[in-house]
Each structure stands twice: as C-alpha cells, then as structure tokens.
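Comments concern the structure below.
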Amino acid sequence: MALLDPDSLDTETPRTLDGRSYPDHLRPFAAYDGQLLHLLSEIEPATFDELSVKVEDPKVRAVLSRWIASAEWRGLIERRDPTHSSPRKYVLSARGKARPTAELRAS
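Taking this note's numbering, I'd label the letters of the sequence shown as residues 7 to 113.
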C-alpha cells in the first residue's frame, strides 16, 4: 500500500500521499476494530493465518482480510515483512496502540 498522508488520518477520508482516498467499500469493516485490534495486540506480530485462528466467530473470520485492508488504510496496523519472500506480518501502529483498551474490547 502507498504511504498514508498523516494529515488525513483523523479525517473521514484518509488519503495516500499520491492522493488516493479511503475506499467506500472498506468503511463497514471499521466496526470490527475493537475486537480485532485487541486480538492483534495480544499476539503481534502475526500473519493473517495466526490472527485468523484466534478469531472465534466465523462471521468475523470471513471479513478478516477486508478488515486488514481497512485498518491499514486508516493507519491502525502496519505490515512487517522481514524479507520479500517471507509471510506478511501485521502489528499495531502507534495510532492503533493509542486507542484505549476499553474501547478496543467494547467494540
């Protein structure tokens, strides 16, 4: 994903530095932030598969890949790829870590 414009992160429409804006089809997945950010905080860094096995609700597991895309767009999680050929790992970004724990669990 392209680098995010830090000035746009607290707006309704985050943008990349090259001007692309947050896709509308990803907006509904922000509803899963509380549950999934909390899970990621417990096991980070984690691959998609490692995070997926921690998700108990099959409906939430089904939207996990789209939630990851949404959370990356909003600057809540970051990719950590040790090498080009290694599995993609995700960690909470500083913005994701700054969210209050109570808010993470309540969502």
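Just so you know, even glycine gets a beta-carbon here, dropped at the ideal spot from N, CA and C.
Contact between SER76 and LEU32 holds: CB atoms are separated by about 4 angstroms, below the 8 angstroms threshold. For VAL97, the enclosing beta strand (DSSP E) begins and ends at 95–98. The Cβ neighbour count for PRO20, taken over all protein chains shown within 10 Å, is at least 16; the residue is labelled buried. VAL69 and LEU42 have their alpha carbons spaced roughly 11 angstroms apart. With contacts defined by Cβ atoms closer than 8 angstroms, ASP30 and LEU82 do not form a contacting pair. ALA52 sits buried, since 16 or more C-beta atoms from the chains shown fall within 10 Å of its C-beta. By the beta-carbon neighbour count (other beta carbons within 10 angstroms, threshold 16), GLU18 is exposed.
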